[in-house]
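*Asks:*
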Amino acid sequence: MDIKTVNTDLSKETCPVDNEQSVKLEKTAIKIQSWWRGNMVRRTLLDAALGAWAIQCWWRSVQTKIVEQKRRLALKLYTCQEWAVVKVQAYVRMWQARRRFLQARQAACIIQTHWRWHASQSQGMIHSRYEVKASRLELDIEILVT
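So the sequence shown is numbered by UniProt numbering: it starts at 1 and just counts up by one.
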């Protein structure tokens with residue numbers, strides 16, 4: 001029931017006490033209605049705020065997952081690149097070590113060939129000693145001819 005309809009329903013021929021009481025009732029009704037509207041507005045605003053908060057929390061979790069996926073992808077890419085670098089370094093070191101080994105083996109074959117030829121030509125003695133180090137071959141040959 002609206003306040004205006006209440007006012008129109010009141011008869012004008014009532015006594016002054018009833019008129020004062022009706023004004024008091026009207027003010028009280030207005031206070032109750034404004035209190036109720038305020039509660040409804042606050043409840044609506046609270047629902048809206050809670051809904052917005054829930055959406056924000058969900059969005060932050062989605063963003064966190066996306067950042068985590070990007071971080072994992074970057075880490076995987078970095079790991080692959082580092083592993084590739086390590087493999088290339090290992091192959092280069094293996095190639096260098098094999099090259100040094102082949103040089104030392106070739107030198108040993110040359111020395112053996114010369115020694116065999118020389119041993120067949122003379123009856124002397126050849127004492128030799130060699131060491132293969134990381135970067136070079138140290139060769140020490142002593143030939144005694146009798």
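Cβ coordinates follow ideal geometry from the N, Cα and C atoms, glycine included.
It should be emphasised that the depicted structure is a prediction, and the values quoted were computed from it without experimental measurement.
If you scan the stretch 9-90 from start to end, which runs of the beta strand (DSSP E) of 3 or more residues do you find wholly inside it?
*Replies:* Segments of the beta strand (DSSP E) lying fully in the stretch 9-90: there are none.
*Asks:* DSSP state of R93, grouped into three classes?
*Replies:* Walking along the sequence shown from the start, residue 93 turns up at place 93. Looking at R93 - three-state DSSP - the assignment turns out to be helix.
*Asks:* Note down the Cα distance separating A119 from E82, rounded to an integer number of angstroms.
*Replies:* Within the sequence shown, numbered from 1, the residue matching residue 119 stands at position 119. Within the sequence shown, numbered from 1, the residue matching residue 82 stands at position 82. Rounded to the nearest angstrom, the two C-alpha atoms are 54 Å apart.
*Asks:* Helix, strand or coil for R116 per DSSP?
*Replies:* Along the sequence shown, one-based indexing puts residue 116 at 116. R116 falls in the helix class under three-state DSSP.
*Asks:* Which of the three DSSP states, helix, strand or coil, is assigned to R99?
*Replies:* Counted from its first residue, the sequence shown places residue 99 at position 99. Correct three-state label for R99: helix.
*Asks:* Which of the three DSSP states, helix, strand or coil, is assigned to R136?
*Replies:* Within the sequence shown, the letter at position 136 stands for residue 136. Three-state result, R136: coil.
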